[in-house]
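For reference, the structure is listed below as structure tokens.
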Amino acid sequence: GAVVSQHPSWVICKSGTSVKIECRSLDFQATTMFWYRQFPKQSLMLMATSNEGSKATYEQGVEKDKFLINHASLTLSTLTVTSAHPEDSSFYICSARDRGDGGGYTFGSGTRLTVV
Amino acid sequence: AQSVTQPDIHITVSEGASLELRCNYSYGATPYLFWYVQSPGQGLQLLLKYFSGDTLVQGIKGFEAEFKRSQSSFNLRKPSVHWSDAAEYFCAVGVTSYDKVIFGPGTSLSVIP
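Going down the list, the sequences are from chains H and D. Letter by letter, the first sequence follows residues 48 to 163 of my numbering. Letter by letter, the second sequence follows residues 51 to 163 of my numbering.
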């Protein structure tokens, strides 16, 4: 089945630095990927839709200049948290849809970001 | 706007007992419906999905769900729960026209040995 790989699985960074998270579709091409954010014991909140070769579509309230998304190829999307602050500490999860799989969204294993 | 509700924040069942997790959605058209499971600190695993056709959907790990249009529900069931089923369960709606998924708040399942 479809596999989505997400790296790193966890990262600790200092306040003010930037962190890049990668999301790769390993055995299928994904023209669209999605980035979610999950706070402890809460649900997943969609941050943005990443479109290959074009600008990402951000959900209301998500700062596009803070959360930079790049989808340069059909198998890779990256999320960069710029000038990270402790309140950005969260669990970030990406997903992609394998259209050849009849639908259904495959999720990465997530990235635990801690900003100190 | 599309939304998903899961009325039960936390459920505790005994091992071997049956399970039903409730999910209600709000969407104008026929939605894509999903159930995902998440273990602590892990990503999400798809249990099952409904797009069309038979309203009773079979999934992995012995789970099934039934789509009831009249009730706008998509409840998840399992006849006999195992201790390893303890996890967080999320119901989700696929917004077909925008190709994105909206998640419910989740139900935390605890299993008593």
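Every residue, glycine too, gets a C-beta built ideally from N, C-alpha and C.
The three-state reading of DSSP puts D/I59 in coil, since its state is none of H, G, I, E or B.
With the rule of 3 Cβ pairs closer than 8 Å, the stretch 113 to 122 of chain H does not count as touching the stretch 48 to 64 of chain H. Rounded to whole angstroms, the separation of the alpha carbons of D/K111 and D/S130 is 11 Å. For D/G93 against H/G48, the beta-carbon gap comes to about 14 Å, at or over 8 Å, which does not count as contact.
Annotation note: the stretch 81 to 123 of chain D contains no uninterrupted alpha helix (DSSP H) run of length 4 or greater. CA-to-CA, the gap between D/Q52 and H/M92 works out to about 13 Å. Chain H has no Cβ within less than 7 Å of the Cβ of D/K118. Apart from the 5 residues on each side of it in sequence, D/K150 sits with its Cβ closer than 8 Å to the Cβ of G144 in its chain, given in chain order.
Pairing D/K118 with D/L126, the inter-Cα distance amounts to about 12 Å. Against chain H, a Cβ distance below 7 Å from D/P155 picks out S90. Remark: C-beta atoms of H/A95 and H/Y105 approach each other more closely than 7 Å.
According to the DSSP assignment, H/V128 belongs to the beta strand (DSSP E) that extends over 123 to 128.
Proximity of H/L73 to chain D, defined by a Cβ-Cβ separation below 7 Å, is not satisfied. Your pair H/K61 and H/V163 checks out as a contact, with CB atoms roughly 6 Å apart and the cut at 8 Å. Short of 6 Å from the beta carbon of H/T125, and not among the five residues preceding or following it, lie these beta carbons of its own chain, in chain order: K67, E69, N117. Boundaries of the beta strand (DSSP E) around H/V66: 66 to 72.
Per the DSSP secondary-structure output, H/F86 pairs with nothing in a beta bridge. With respect to chain H, the C-beta atom of D/G93 has a partner C-beta closer than 7 Å. Sorting H/D74, H/F138, H/S130 by C-alpha distance to the C-alpha of H/G63 places H/S130 at the top. Straight through space, the alpha carbons of D/L159 and D/Y139 are spaced by roughly 7 Å.
Around the beta carbon of D/Q88, a 10 Å sphere encloses 16 or more other beta carbons of the protein chains shown; the residue is thus reported as buried.
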